[in-house]
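Working notes, structure below.
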Ligand code: ADP
Ligand code: MG
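In UniProt numbering, the protein residues as written are 488 to 777.
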């Protein structure tokens, strides 16, 4: 494209909250056929709220939540914040955890009030040898909630679940992007049932769930290897490698700095409609050189 047409497109983008860092990213965007989107903080608001506390036999519901929230004091994960807020709403007094350990993409563990506590997904429980067959998370997950398993002293002790609302702008944006002929794939560290519930509501074409941080960039590389031209949209530290591996990386301006640094395009307000706008600008820019 001519420098003039790129400048025009960049200026128009900026007015609409779409910051184009590299002109090359804009040009490449015209030929993108596949868009990978992160779930938490990209499709959803990224502000989960505690919705359910289900205690197993032998433990009180508030005690379960108190142990979980005390442990999560050591974590900066959005899920940890939701649990802390839920405990505060119930007026629970938290203890300090010792031996705190966070396992990326799985959960946290430590000692609270003399008890060994662990909190996380099925993979976390499996690593610890905790039996979760008595847990009943399916119904919550089918509603799009994220259920976290709690183990106390090596035994399943209950579930805490959170819901993270889909952004008000997401549904329209997905529709506009479909109309522009893009195939849309959700990539998430969350479990498959939760991911499916949310993807289903939005009409997303495909999902990859239970991904560890490396999994998102591996997915980008896999699809590119098959000949797809891939844009990746994400907000988190764990999205940065995938943003950098994509033909076009798109960061939420509301997300982590490292995501913005790894991306060629930034959506200032984290509004996904900006992706459709960027696509239109990219196509208009290319038309100007022909
Ligand atoms: P995402 O942000 O896409 O959900 P993560 O890789 O951060 O992906 O987490 C994957 C899963 O691991 C979460 O859905 C949750 O079940 C579990 N997990 C990770 N960190 C924590 C934590 N601090 N507390 C509880 N569960 C966690
Ligand atoms: Mg995210």
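A virtual CB, placed ideally from N, CA and C, is assigned to each residue, including glycine.
These figures come from a predicted structure and were not determined experimentally.
Just to check my reading of the structure: residue 521 and residue 699 have Cβ atoms closer than 8 Å, yes? What is that Cβ distance to the nearest angstrom?
Between residue 699 and residue 521 the Cβ distance is about 21 Å, and since that is not below 8 Å, they are no contact.
What would DSSP say about residue 767, mapped onto helix, strand or coil?
helix
At a cut-off of 8 Å, would you count residue 612 as near the ligand ADP, judging by its Cβ distance to the nearest heavy atom?
no
DSSP three-state assignment for residue 631, whether helix, strand or coil
coil
Distance check for residue 526 and residue 707, CA to CA, integer angstroms please.
15 Å
Quick check: is any heavy atom of the ligand ADP less than 8 Å from the C-beta of residue 583?
no
Run through the DSSP bridge pairs and tell me what residue 673 is partnered with.
524 and 694
Using CA atoms only, rank isn't needed, just tell me which of 534, 585, 731 and 553 is closest to residue 542.
553
By how many angstroms is the C-alpha of residue 744 removed from the C-alpha of residue 684?
29 Å
Among 732, 728, 605 and 496, the one whose alpha carbon lies nearest that of residue 586
605
Using DSSP's beta-bridge definition, name the partner residues of residue 643.
638
Under 8 Å from any heavy atom of the ligand ADP, does the C-beta of residue 534 make it?
no
Grab the span of the beta strand (DSSP E) containing residue 720 for me, first residue to last.
717-721
Under 9 Å between C-beta atoms of residue 660 and residue 507
no
Excluding five sequence neighbours on each side, which residues of the same chain lie with their C-beta closer than 6 Å to the C-beta of residue 720?
524, 529 and 737
The ligand MG site residues, beta-carbon cut 5 Å against heavy atoms:
525, 527, 528, 722 and 723
Kindly identify the DSSP beta-bridge partner or partners of residue 603.
598
Residues sharing a beta bridge with residue 570, DSSP:
In DSSP, residue 570 forms no bridge with anything.
Are three or more beta carbon pairs between the segment 557-567 and the segment 587-606 nearer than 8 Å?
yes
Residue range of the beta strand (DSSP E) that includes residue 586:
584-590
What first and last residue would you give for the beta strand (DSSP E) that runs through residue 753?
752-754
Can you find at least 3 beta carbon pairs, one from the segment 662-676 and one from the segment 532-550, that sit closer than 8 Å?
no
May I ask you to list the residues that DSSP assigns as paired with residue 506?
753
Burial state of residue 628, where buried means 16 or more other Cβ atoms lie within 10 Å
buried
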